[in-house]
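Colleague: FYI, in numbering that gives the first Met the number 0 the residues of the sequence shown are 0 to 412. Backbone N, C-alpha and C fix where the C-beta goes; we use that ideal spot for every residue, glycine too.
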Amino acid sequence: MNQKLGNAIVGQSGGPTAAINATLSGVIRGVREGVHGGVIQTLYGMRNGVEGFLREELINLTECFDDEDKLELLERTPASALGSCRKRLPDPHSGDGIYDRIFSIFRKYDIRYFFYIGGNDSMDTVAKLSEYARSKGEDIVILGIPKTIDNDLMETDHTPGYGSAAKYVAVATQEIIRDCAVYRIPAVTIIEIMGRDSGWLTAASAVGRKINGIEPDLVYLPERSFSNTQFLSDVKRVLEDHPNVVVAVSEGLRYANGCYVSESESGEPRDEYGHLRLSGTGKVLEMLIRREIGCKVRSVELNLPQRCAAHLLSKTDITESIQIGRSAVVFAAIKGITSAMLTIIRCSNQPYRIEIGCVAAAGVANRVKNMEDPYINSEGNHITDACCDYIAPLIQGEMGSKFVNGLPMHFVF
Numbered sequence: 000m001n002q003k004l005g006n007a008i009v010g011q012s013g014g015p016t017a018a019i020n021a022t023l024s025g026v027i028r029g030v031r032e033g034v035h036g037g038v039i040q041t042l043y044g045m046r047n048g049v050e051g052f053l054r055e056e057l058i059n060l061t062e063c064f065d066d067e068d069k070l071e072l073l074e075r076t077p078a079s080a081l082g083s084c085r086k087r088l089p090d091p092h093s094g095d096g097i098y099d100r101i102f103s104i105f106r107k108y109d110i111r112y113f114f115y116i117g118g119n120d121s122m123d124t125v126a127k128l129s130e131y132a133r134s135k136g137e138d139i140v141i142l143g144i145p146k147t148i149d150n151d152l153m154e155t156d157h158t159p160g161y162g163s164a165a166k167y168v169a170v171a172t173q174e175i176i177r178d179c180a181v182y183r184i185p186a187v188t189i190i191e192i193m194g195r196d197s198g199w200l201t202a203a204s205a206v207g208r209k210i211n212g213i214e215p216d217l218v219y220l221p222e223r224s225f226s227n228t229q230f231l232s233d234v235k236r237v238l239e240d241h242p243n244v245v246v247a248v249s250e251g252l253r254y255a256n257g258c259y260v261s262e263s264e265s266g267e268p269r270d271e272y273g274h275l276r277l278s279g280t281g282k283v284l285e286m287l288i289r290r291e292i293g294c295k296v297r298s299v300e301l302n303l304p305q306r307c308a309a310h311l312l313s314k315t316d317i318t319e320s321i322q323i324g325r326s327a328v329v330f331a332a333i334k335g336i337t338s339a340m341l342t343i344i345r346c347s348n349q350p351y352r353i354e355i356g357c358v359a360a361a362g363v364a365n366r367v368k369n370m371e372d373p374y375i376n377s378e379g380n381h382i383t384d385a386c387c388d389y390i391a392p393l394i395q396g397e398m399g400s401k402f403v404n405g406l407p408m409h410f411v412f
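(1) Can you give me the Cβ contacts of residue 380 inside the same chain, cut-off strictly under 7 Å, excluding the 5 residues immediately before and after it?
(2) Residue range of the beta strand (DSSP E) that residue 217 falls in?
(3) Report the three-state DSSP secondary structure of residue 41 (helix, strand or coil).
(4) Just to confirm, does residue 105 get its C-beta within under 7 Å of one of the non-hydrogen atoms of the ligand NAP?
(5) Along the beta strand (DSSP E) that carries residue 340, what are the first and last residues, could you check?
(6) Determine which residues share a DSSP beta bridge with residue 407 and list them.
(7) So, under 8 Å CB-CB, residue 367 and residue 249 are touching, yes? Tell me the CB distance rounded to an integer number of Å.
(8) Can you name the start and end residues of the alpha helix (DSSP H) that residue 227 belongs to?
(9) Please name the residue or residues paired with residue 192 in a DSSP beta bridge.
(10) Are the beta-carbon atoms belonging to residue 385 and residue 374 less than 8 Å from one another?
(11) By the three-class DSSP mapping on this structure, what secondary structure does residue 313 have?
(12) Which one of 325, 334 and 396 has the shortest CA to CA distance from residue 144?
(13) Going by DSSP, what residues sit across from residue 112 in a beta bridge?
(14) Which residues does DSSP pair with residue 355 in a beta bridge?
(15) Grab the span of the beta strand (DSSP E) containing residue 295 for me, first residue to last.
(16) Return the first residue and the last residue of the beta strand (DSSP E) that residue 58 is part of.
(17) Going by DSSP in three states, residue 265 sits in which element: helix, strand or coil?
(18) Can you grab the Cα-Cα spacing for the pair residue 177 / residue 215, in whole Å?
(19) If we count Cβ pairs, one from each stretch, closer than 8 Å, do we get three or more for the segment 16-25 versus the segment 85-102?
(20) Helix, strand or coil for residue 119 per DSSP?
(21) Is it true that the CB of residue 341 sits closer than 8 Å to the CB of residue 456?
(22) Would you identify the three-state DSSP class for residue 243, choosing helix, strand or coil?
(23) Under three-state DSSP, which class holds residue 384?
(24) Compute the Euclidean distance between the alpha carbons of residue 294 and residue 153, then round it to the nearest angstrom.
(25) Indicate whether the contact test is met: 3 or more Cβ pairs, each with one atom in the segment 42-50 and one in the segment 336-356, closer than 8 Å.
(26) Less than 8 Å between the beta carbons of residue 299 and residue 281, yes or no?
(27) Assign residue 187 to one of three DSSP states: helix, strand, or coil.
(28) What are the start and end residues of the alpha helix (DSSP H) that includes residue 167?
(29) Are there 16 or more other CB atoms within 10 angstroms of the CB of residue 157, so buried, or fewer, so exposed?
(30) Comparing C-alpha positions only, which one of 319, 363, 40 and 231 sits nearest to residue 344?
(31) Just the Cα atoms here: how many angstroms apart are residue 243 and residue 296?
(32) Where are the alpha helix (DSSP H) runs, 4 residues long or more, that stay fully inside the segment 45-99, in chain order?
(33) By Cβ distance below 7 Å, which residues in the same chain neighbour residue 109 in space, the five residues on each side in sequence not counted?
(34) Going by the CB atoms, is the gap between residue 175 and residue 155 shorter than 8 Å?
(35) Applying the criterion that 16 or more other CB atoms from any shown protein chain within 10 Å of the CB defines a buried residue, is residue 95 buried or exposed?
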């Protein structure tokens, strides 16, 4: 291929994860190690995604990361070290001047390779930039690198960030179940877990079934319509069996009419991509049980720790995140792949083994991968053993943090 000699830039977009910086480290490592065949001279990082890029808020990552210790610290630092954004670009054929501005900055800094780490909304940005570049004959490689704790990207077995978030959810659920088991008073504890349109993260609450036999009594996912009547019936049935009921629910539960369970409680506006900002599903169900059953009940919202708990990183997740970032440099500079998103291909489960591939970014943008039917039980109130088998390899292994005076160290620009 005709390799492009010049510079590269990388950004982070969308919701943070505990592994997104490991992917950033992988890109940096790929450039430092020369896996690009020597064609990338300087790697820049953009502050706050394309929003910061438009303000030319760039960091010279080649100079910044001059030793191994910094990279290792970055890999154990949660959230987006470069900062993030949720900016939606207009149609590339709309005539909006934002594209002229973006590509003029590319030329100014001799940027020939663009890497964007993000979810399905971020792949929308990759697809639009790619389409504009194609229509204008711009000679630049544009690649998306996946990340999301929701694990809802199409065309990839799983996403970097999911394994660590799933590990946190699994551990937190185990600890809540232990806590609830100390009393004999009839009580219900509802654990609300992130997941607007897919239940992958909530499903992780039950992976303990195949590891130590401990799991929530009930699990409800967005892939199945939610019914108050069925929910109350399920809870009453379990209460007859034992007094301490633990229920895991996705924040994105919806009724058959399409309305979110939390929608009546949420006055929050939608984001730039039209997504309703959800919260309060657990609280709604708590009030329902208090009113209709009358037993002791509480709701626990795991909230932000699901995506920023670096003390519970999955080694599998971090290793793969670095691998896919490093591979992005190879796919772009050596293979000349553009307008694409890298993917994880699961080759086998026992032993667990993956390969890195790629697909067109346009086929991923603004789409959602739901949990498959074989992963959800017939009653729609729990997951199957097959789902546990899918999740289990992704939470394996631990990453030691560097502690100083009792607290972990993090990398901050």
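Modeller: So, from the listed chains and residues:
(1) On the sequence shown, position 381 is the one that residue 380 refers to. Excluding positions up to five away in sequence, the list reads 217, 218, 219 and 233.
(2) Against the sequence shown, residue 217 aligns to sequence position 218. Taken as a continuous stretch (DSSP letters only), the beta strand (DSSP E) holding residue 217 covers 217-219.
(3) Residue mapping note: residue 41 aligns to position 42 of the sequence shown, counting from 1. Residue 41 falls in the strand class under three-state DSSP.
(4) Here there are no bound small molecules, and the ligand NAP is not part of this structure.
(5) Within the sequence shown, numbered from 1, the residue matching residue 340 stands at position 341. Start and end: 339-348.
(6) In the sequence shown, the residue the question calls residue 407 occupies position 408. 402.
(7) Along the sequence shown, read from residue 1 onward, the residue named residue 367 stands at position 368. Along the sequence shown, read from residue 1 onward, the residue named residue 249 stands at position 250. Actually they are not in contact, since the Cβ atoms of residue 367 and residue 249 sit about 13 Å apart, beyond 8 Å.
(8) What you label residue 227 is simply residue 228 of the sequence shown in a count that begins at 1. Here the alpha helix (DSSP H) through residue 227 covers 227-240.
(9) Numbered from 1 along the sequence shown, position 193 holds the residue referred to as residue 192. In DSSP, residue 192 forms a bridge with 249.
(10) Taking the first residue of the sequence shown as position 1, residue 385 is located at position 386. Taking the first residue of the sequence shown as position 1, residue 374 is located at position 375. Their beta carbons are under 8 Å apart, which means residue 385 touches residue 374 by this criterion.
(11) Within the sequence shown, residue 313 is the residue found at index 314, counting from 1. In this structure, residue 313 counts as strand in the three-state DSSP scheme.
(12) On the sequence shown, position 145 is the one that residue 144 refers to. The candidate whose alpha carbon is nearest that of residue 144 is 325.
(13) Stepping through the sequence shown from its first residue, residue 112 is reached at position 113. Looking at the DSSP assignment, residue 112 forms a beta bridge with 7 and 140.
(14) Position 356 of the sequence shown, counted from the start, is the residue given in the question as residue 355. Note: residue 355 sits in a beta bridge opposite 343.
(15) The residue labelled residue 295 in the question sits at position 296 within the sequence shown. Residue 295 -> beta strand (DSSP E) spans 295-300.
(16) Sequence index remark: in the sequence shown, residue 58 carries index 59 (1-based). Unbroken beta strand (DSSP E) run through residue 58: 57-59.
(17) Taking the sequence shown and counting its residues from 1, one reaches residue 265 at position 266. Note that residue 265 has pLDDT 46, beneath the 50 cutoff, so the model's placement of it is unreliable and the number below is only indicative. Of the three classes helix, strand and coil, the one that applies to residue 265 here is coil, per DSSP.
(18) Translated into the one-based positions of the sequence shown, residue 177 becomes position 178. Translated into the one-based positions of the sequence shown, residue 215 becomes position 216. Their backbone Cα atoms lie some 11 Å apart in a straight line.
(19) no
(20) Along the sequence shown, one-based indexing puts residue 119 at 120. Three-state result, residue 119: helix.
(21) With the chain represented from 0 up to 412, any question about residue 456 goes unanswered, as that position is not in the structure.
(22) As a working note, residue 243 is residue 244 in the sequence shown. Strand.
(23) Taking the sequence shown and counting its residues from 1, one reaches residue 384 at position 385. Looking at residue 384 - three-state DSSP - the assignment turns out to be helix.
(24) Reading the sequence shown from its first residue, position 295 is the one you call residue 294. Reading the sequence shown from its first residue, position 154 is the one you call residue 153. Cα to Cα, residue 294 sits roughly 42 Å from residue 153.
(25) no
(26) Walking along the sequence shown from the start, residue 299 turns up at place 300. Walking along the sequence shown from the start, residue 281 turns up at place 282. Contact: yes.
(27) Along the sequence shown, one-based indexing puts residue 187 at 188. Correct three-state label for residue 187: strand.
(28) Taking the first residue of the sequence shown as 1, we reach residue 167 at position 168. Where residue 167 is concerned, the enclosing alpha helix (DSSP H) stretches over 161-179.
(29) For the purposes of this step, residue 157 is taken as the residue at position 158 of the sequence shown. Its Cβ being crowded by 16 or more others within 10 Å, residue 157 is buried.
(30) Residue 344 sits at position 345 when you count from the first residue of the sequence shown. The residue with the shortest Cα to Cα distance from residue 344 is 319.
(31) Translated into positions along the sequence shown, residue 243 becomes position 244. Translated into positions along the sequence shown, residue 296 becomes position 297. Their Cα atoms are separated by approximately 10 Å.
(32) 48-53, 60-63 and 67-74
(33) Here residue 109 refers to the residue found at position 110 when the sequence shown is read from its first residue. Excluding sequence neighbours, residue 109 sits near 5 and 6.
(34) Walking along the sequence shown from the start, residue 155 turns up at place 156. Walking along the sequence shown from the start, residue 175 turns up at place 176. Not in contact: residue 155 and residue 175 (Cβ atoms no closer than 8 Å).
(35) Stepping through the sequence shown from its first residue, residue 95 is reached at position 96. Flag for residue 95 reads exposed.
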